[in-house]
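Numbering (the numbering used here), first residue to last: 200 to 451.
We treat Cβ as the ideally placed atom computed from N, Cα and C, and that holds for glycine.
Given below as structure tokens:
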């Protein structure tokens, strides 16, 4: 079987989770290449229901390697909570079955604050954001001021970049009359969770290329749907990433 890119043909909620779970049993590697914890899949196996927002569905199958690619924006706190919930449900997670791109951008609490403020300011013209900070995180990525997971694991560099970003964000928050971000507790919280996920963070581009060279079969697990694509969807009522098949190429 050739490698598969599975995408939704409409606005999401087409039932991709069921198809992905079926296909996962037939492949070696499952890759998530776009979006964040604003979308996900619900998989029911026997009497257990698993909710997956960032982690590919392959994590529920033995012997499958799951990859969160560079095109995903990741809130490490939410990721850790999702991992912990799966572990309590009996799912084993290690670097043997889950790898995360060092180039994936980070979602911070201030991204959610910005998301909320922007949505509130639109009044009746709201676009229906999930207020999880996904759009602002992608905005930082495009503006070249975002912070990547690989940088989170370099303490001095991370502190320097986060300080600069918080300083800029606080200017915005003051303008809209919101409480500003305190750097120290935010820094400490993210450094701590960064150490927890450190063993999983790597060059996943190399991982995927090695899998292809070895003849492994790969499933690229799409989130949301075609009409939510930031370029080809019903703009501006779209998400902030490329949800079409081409997004699997740039996001992994």
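By alpha-carbon positions, which one of the options ends up nearest to residue i?
i: residue 260; options: 401, 213 and 290; result: 290
i: residue 424; options: 335, 237, 407 and 282; result: 237
i: residue 364; options: 352, 376, 353 and 340; result: 340
i: residue 407; options: 264, 279, 288 and 438; result: 264
i: residue 267; options: 312, 228, 437 and 393; result: 228
i: residue 239; options: 385, 251 and 246; result: 251
i: residue 247; options: 429, 438, 284 and 317; result: 284
i: residue 374; options: 391, 313 and 271; result: 313
i: residue 262; options: 389, 225 and 400; result: 225
i: residue 382; options: 303, 309, 316 and 437; result: 309
i: residue 273; options: 379, 293, 420 and 332; result: 332
So, with DSSP's three-state summary, where would you put residue i?
i: residue 420; result: strand
i: residue 352; result: coil
i: residue 221; result: helix
i: residue 329; result: coil
i: residue 310; result: helix
i: residue 389; result: helix
i: residue 408; result: helix
i: residue 249; result: strand
i: residue 438; result: coil
i: residue 290; result: coil
i: residue 380; result: coil
i: residue 433; result: coil
i: residue 234; result: strand
i: residue 443; result: coil
Name the DSSP bridge partner or partners of residue i?
i: residue 347; result: 304
i: residue 205; result: 420
i: residue 228; result: 264 and 417
i: residue 241; result: 250
i: residue 272; result: 304
Report, in whole angstroms, the separation of the C-beta atoms of residue i and residue j, which I expect to be a contact under 8 Å.
i: residue 256; j: residue 211; result: The pair is not a contact, with the Cβ atoms about 15 Å apart (cut-off 8 Å).
i: residue 396; j: residue 299; result: 7 Å
i: residue 422; j: residue 233; result: 6 Å
On the criterion of 16 or more Cβ atoms from any shown chain inside 10 Å, does residue i qualify as buried, or is it exposed?
i: residue 209; result: exposed
i: residue 398; result: exposed
i: residue 394; result: exposed
i: residue 324; result: exposed
i: residue 440; result: buried
i: residue 270; result: buried
i: residue 449; result: exposed
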